[in-house]
Amino acid sequence: MAGAVAGGVDRTSELLQLLNDVVGASKFGGGVTGMFKKDCSDLVRRIALLTHLFEEIRVLKGREFGPLDASTSSTNSGPMESWVSDLVVALQAAKRLVLLAANFTSNFAPPPVSANHNDEASKKISFQFQCVTWKLEKALGDIPYDQFDISEEVEEQVELVRAQLRRAIERYGFSMKGRTMSSDCLSQSLVESGKWVYVENNAKTIGNIPRSFSADSTDEMVIRNIEAFRAADSADDIHVDDHDDIKKPDANSSAIPDDFICPISLELMRDPVIVATGQTYERSYIQRWVDCGNTTCPKTQQKLLNLTLTPNYVLRSLIAQWCINNNIEQPTGKIKKSDGSFRDITGDIATIQALVRKLSSRSIAERRAAVAEIRSLSKRNTDNRILIAEAGAIPVLVNLLTSEDGLTQENAVTSVLNLSIYDNNKGLIMLAGAVPSIVQVLRAGSMETKENAAATLFSLSLADENKIIIGASGAIPALVELLQNGSTRGKKDASTALFNLCIYQGNKGRAIRAGIVTALLKMLTDSSMVDEALTIMSVLANHQEAKVAIVKAGTIPVLIDLLRRGLPRSKENAAAILLALCKRDKESLACISRLGAVIPLTELVRSGTARAKRKATSLLEHLQKVQQL
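Below you can see the structure in the form of C-alpha cells.
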C-alpha cells in the first residue's frame, strides 16, 4: 500500500496545501496588478473551488498516497498516483506562474531600453497561462470519482470548474487537440526567441517562422495552408470597400492593437466578421479561405460547424474610433456580402439609433411604438442584436422594464430576452443592472411578461458568473412561484431557469427554502412536467438540506412508482435521485427495500439506459450491504 512508504504523507493534505499556496501566491507583494491581473484572479478563483473536492476525498478515504514528489517512479506508485501527480504538477506550475506574473509586474522595466524584451517576456507568460490552464483541465478530467464515492454535488462543482477552464482555453485560442504536453512546459517557457510558433494566439509571428523550425505535422500543415493562402492572396488586389487610397499606419504611427488585426492578412480590419468558433477575421480574407475549400478556423484549427460570417459591429466601431484618434482614414459604412457585393448598413444604423432615441421620448405612444419595433428587429437576426446593443439601447430598455404601461413593459422585457441571445450582450445587460427589474417583472407582471422574464433569466444564467448574481437577487422564490402557479409555458420557462441556477451549489439551499420541493412533487403527477421535475430534483438531491426536504415530503414512494411505470428517461432520473438520497443512509435504504424497489431496479439493470443501469446497479449494491449487516 502506498501509504506504507516510509516518510509518506497524505496526498490530499498536500494538494490542499498546494491549493492554499496558489491562493497565497496571488497575494504576494500586495497581489498581482497590471496586464496579468485578470489571468491570475481567474486561475486562482477556479483553483480555490477545488477545496471541497480535496477535503471530501480526504474525509471519505482517509488514505495516504505516498510521497508527493512528482518525479516518483510509476512502478512505485499506487493506482491513483497518475492523476494525483498530474494535479500536483499543475498546481505547482500555477503557484510558480502566479509568482512569476506578480514579479514581472513589479519589475517591469521602463521603455524604450527593454521594451522588446518585456514584450517577449509577456508573451511567454501569456503562453504559460495557456499551458497551466490546459494541464489543470486535463488533470481534473482524469480523477477516478468512482474509486472515492465522491458526492455528485462535488463532482458537479468540479465539472463546472472544468467547463470554465475549457472556455478559458478557447478564449486563449490555444488548441492542444492531438498533442501531449510534458511537465517541462509548465515549469519553463516553451517559447524561445526566434524559434517559436504562436499560430493560435498571434498569427503575426507566422511571417517570421524560421525554415529550420521543427514543428509537428499538424502545425506544419496549418502553417503551410496559411502561408500558401496568404501568398496567393497577396497576388490579388483585394479591397474591402473599393478604396485603394486608405492611409495605412506607418512606422511612426501608434501600434495597431492586436485585436484590430486580421490573423490572416496581418492588416487592420475594415469589415470584421465572426466565424462559428468565435474568432474574428477580415471578411474578404476569411471568405477567400472558405472559398478555397477550407472548413476549419485558421486560428484554432477547430472544425467550423457552419460557414456563417456574422458582422462584428462592436469591433468595427472600435476600429473606426481608433482610426479617428490616429488620423487614419476610416472604413466606409459598407460590408461585403458573400457574393462579393456590398451592403450599406448606414441606413440600418441610422434607423436603429433613431428608435433608441425614441425609447426616451416623453410621449407614451412614441415609446410604446419604438420598443415594439426594437422587439421586432431584435427577434430577426444576430446583426440587429449587435447593432441595437451598439446603439446604446440596453440601458434604456432596462429602465423601461419598470414602466407602468403594460405593453411597453412586455415589449421591453422581450427585447432584452432577444438581445441576450447574443452572448456578448449578456454582459452588457448585467452591467446595466437588469436583474432586479427582471425579478420585479417576474413577481408583478402579466403572465406573458412573467414567462419572458423567466426565459431572460435562463438566458443570462448560461454564463456561470451570472448564476451567483441572479441567485442572490431574489429571483429563485419568484421562479418557484411561477413553477407552482404559472401557465404551462410559464412553468417550463421557470423550470429551465431554476435547473440552470441550481447547478451552482449556493443556489440549491435558496431553492429549497423557497419551497421548490412541494412544487416538484406536484409536477410529478403532471405527465407533461415529469421530466422537468425529475431533472431539477436530480440536481438538488445531493444537497443535504434538499435531501432532507425531499425525503420528508414523501417523494420516495412516487420515485419507486416511476421506476415501475415511467418512461425510460424518467426511470433513469428516478434511479439517480434514489441513489443520491439513499447511499450512506441506512434508514432510507431500508425504506426503499420495504417499498419493493429491488424488483424494478433489477429490471432496470437488464433493460435500462446506460446511465440507468449504472445507478440501479450501485443502488442494489448499497441495499445488499445493508441487508448483510
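Sequential numbering from 1 applies to the sequence shown in UniProt numbering. Every residue gets a Cβ at the ideal spot worked out from N, C-alpha and C, and that includes glycine.
- Drop a sphere of 10 angstroms on the beta-carbon of residue 671, count the other beta-carbons inside from all chains shown, and report buried for 16 or more, exposed for fewer. The structure shown does not extend to residue 671, since the chain spans only 1 to 629, so no value can be given for it.
- Cβ of A576 within 8 Å of Cβ of K615? Translated into positions along the sequence shown, residue 576 becomes position 576. Translated into positions along the sequence shown, residue 615 becomes position 615. In this structure, K615 lies closer than 8 Å to A576 by Cβ.
- Between which two residues does the alpha helix (DSSP H) harbouring E451 extend? Taking the sequence shown and counting its residues from 1, one reaches residue 451 at position 451. Counting along the chain, the unbroken alpha helix (DSSP H) around E451 starts and ends at 447-461.
- Message: Please state the DSSP three-state secondary structure of I319.
- Response: In the sequence shown, counting from the first residue as 1, residue 319 sits at position 319. In this structure, I319 counts as helix in the three-state DSSP scheme.
- Message: Less than 7 Å separating the Cβ of Q440 from some heavy atom of the ligand FAD?
- Response: The model on display carries no ligand, and the ligand FAD is accordingly not part of it.
- Query: What is the rounded straight-line gap between the Cα of L521 and the Cα of N294?
  - Reply: Taking the first residue of the sequence shown as 1, we reach residue 521 at position 521. Taking the first residue of the sequence shown as 1, we reach residue 294 at position 294. L521 and N294 have their C-alpha atoms some 52 Å from each other.
- Query: Near L524, what residues of its chain come up, given a Cβ to Cβ distance below 7 Å and the 5 sequence neighbours on each side ignored?
  - Reply: Working through the sequence shown from its first residue, we reach residue 524 at position 524. Cβ within range, chain order: V530, A533, V558.
- Nearest-angstrom Cα separation, counted from L19 out to I47: For this step, residue 47 is matched to residue 47 along the sequence shown. For this step, residue 19 is matched to residue 19 along the sequence shown. Answer to the nearest angstrom: the Cα atoms are 7 Å apart.
- Query: Mapping DSSP to helix, strand and coil, what is P144?
  - Reply: Taking the sequence shown and counting its residues from 1, one reaches residue 144 at position 144. The answer is coil: DSSP assigns P144 none of H, G, I, E or B.
- Query: Comparing alpha-carbon positions, which option in L355, S361, S461, S360 lies nearest R375?
  - Reply: Here residue 375 is taken as the residue at index 375 of the sequence shown, counted from 1. It is L355.
- What is the residue span of the alpha helix (DSSP H) that V275 lies within? Along the sequence shown, read from residue 1 onward, the residue named residue 275 stands at position 275. First-last for V275: undefined, no H or E at that position.
- Query: Apart from the five residues just before and just after I550, which ones in its own chain have a Cβ nearer than 6 Å to its Cβ?
  - Reply: Taking the sequence shown and counting its residues from 1, the one referred to as residue 550 is at position 550. Around I550, the same chain offers V517 as residues with beta carbons nearer than 6 Å, after the five sequence neighbours per side are excluded.
- On the DSSP bridge assignment, give the partners of K303 in chain order. The count along the sequence shown starts at 1 and reaches residue 303 at position 303. Answer is T296, bridged to K303.
- Item | Nearest residue (CA-CA) to K95, options P436, S41, A350 | Here residue 95 is taken as the residue at index 95 of the sequence shown, counted from 1. Comparing Cα-Cα distances from K95 to each of P436, S41, A350, the minimum goes to S41.
- Query: Can the beta-carbon of I512 be found closer than 8 Å to that of E545?
  - Reply: By 1-based counting over the sequence shown, the position of residue 512 is 512. By 1-based counting over the sequence shown, the position of residue 545 is 545. Closer than 8 Å, so yes.
- Which full runs of the beta strand (DSSP E) of 3+ residues lie inside the stretch 566-622, going along the chain? DSSP runs (the beta strand (DSSP E)) wholly in the stretch 566-622: none.
- How big is the Cα-Cα spacing for T402 and A391? The count along the sequence shown starts at 1 and reaches residue 402 at position 402. The count along the sequence shown starts at 1 and reaches residue 391 at position 391. Computed Cα separation, rounded: 21 Å.
- Task: For Q157, I'd like the list of residues in its chain whose CB is within less than 8 Å of its CB, leaving aside the five on either flank, ordered along the chain.
- Result: Locating residue 157 in the sequence shown gives position 157, counting from the first residue. Within its own chain, the residues whose Cβ lies closer than 8 Å to the Cβ of Q157, once the five positions on either side in sequence are excluded, are L49, H52, L53, Q505, listed in chain order.
- Output yes if chain B places a C-beta closer than 8 Å to the C-beta of G433; else output no. The question asks about chain B, but that chain is absent: this structure has only one protein chain.
- Query: What's the C-alpha gap between L623 and G509?
  - Reply: Counting from one through the sequence shown, the residue named residue 623 turns up at place 623. Counting from one through the sequence shown, the residue named residue 509 turns up at place 509. Approximately 28 Å between the Cα atoms of the pair.
- Message: Less than 7 Å between C-beta atoms, sequence neighbours within five positions excluded: which residues of the same chain meet that for I274?
- Response: Translated into positions along the sequence shown, residue 274 becomes position 274. If we look at I274 and ignore the five residues flanking it on each side, its Cβ neighbours are T280, T310, N312.
- For L97, I'd like the list of residues in its chain whose CB is within less than 7 Å of its CB, leaving aside the five on either flank, ordered along the chain. One-based indexing of the sequence shown puts residue 97 at position 97. Around L97: Q128, F129, V132.
- Query: Opposite P311 in the DSSP bridges: which residues?
  - Reply: As a working mapping, residue 311 is identified with position 311 in the sequence shown. Looking at the DSSP assignment, P311 forms a beta bridge with V273.
- Query: Any idea what DSSP makes of I150, helix, strand or coil?
  - Reply: On the sequence shown, residue 150 is found 150 positions in, with the first residue counted as 1. Reduced to three states, the DSSP call for I150 is coil.
- Message: Between the alpha carbons of L100 and I125, how many angstroms are there, rounded?
- Response: The residue labelled residue 100 in the question sits at position 100 within the sequence shown. The residue labelled residue 125 in the question sits at position 125 within the sequence shown. Answer to the nearest angstrom: the Cα atoms are 8 Å apart.
- Item | Cut-off 6 Å between Cβ atoms - residues of its own chain near L563, not counting five sequence neighbours on either side | For this step, residue 563 is matched to residue 563 along the sequence shown. Excluding residues within five positions, the ones whose Cβ falls inside 6 Å are K571, A574, P600.
- Query: In this structure, does DSSP put L483 in helix, strand or coil?
  - Reply: Taking the sequence shown and counting its residues from 1, the one referred to as residue 483 is at position 483. L483: helix per DSSP, three-state reduction.
- Do you know offhand how far N325's Cα is from L318's? For the purposes of this step, residue 325 is identified with residue 325 of the sequence shown, where counting begins at 1. For the purposes of this step, residue 318 is identified with residue 318 of the sequence shown, where counting begins at 1. The straight-line gap from Cα to Cα measures roughly 11 Å.
- Residues near T382 in its chain [Cβ-Cβ closer than 7 Å; skip 5 each side]: Stepping through the sequence shown from its first residue, residue 382 is reached at position 382. Closer than 7 Å at the Cβ level, and outside the excluded window around T382, lie T310, Y422.
- Task: Determine the extent of the alpha helix (DSSP H) in which M537 is found, giving its start and end residues.
- Result: As a working mapping, residue 537 is identified with position 537 in the sequence shown. Per DSSP, M537 belongs to the alpha helix (DSSP H) from 530-540.
- Supposed close pair I352, I394 - CB separation, criterion 8 Å: The residue labelled residue 352 in the question sits at position 352 within the sequence shown. The residue labelled residue 394 in the question sits at position 394 within the sequence shown. Incorrect: roughly 12 Å between the Cβ atoms, too far for contact.
- Note down the Cα distance separating L567 from I560, rounded to an integer number of angstroms. Taking the sequence shown and counting its residues from 1, the one referred to as residue 567 is at position 567. Taking the sequence shown and counting its residues from 1, the one referred to as residue 560 is at position 560. Going from the Cα of L567 to the Cα of I560 covers about 13 Å.
- Task: Whole angstroms is fine: what's the gap from residue 630's alpha carbon to N384's?
- Result: Any answer about residue 630 is impossible in this case: the structure gives the chain only from 1 up to 629.
- Query: Under the rule that 16 or more other beta-carbon atoms within 10 Å means buried, what is V22, buried or exposed?
  - Reply: For the purposes of this step, residue 22 is taken as residue 22 along the sequence shown, with counting starting at 1. Buried.
- One or two residues paired with I282 in a DSSP bridge: Reading the sequence shown from its first residue, position 282 is the one you call residue 282. Note that residue 282 is Glu in the sequence shown, not Ile. Its beta-bridge partners are P272.
- Query: If you follow the alpha helix (DSSP H) that S41 is part of, which residue opens it and which one closes it?
  - Reply: Position 41 of the sequence shown holds residue 41. Residues 37-48.
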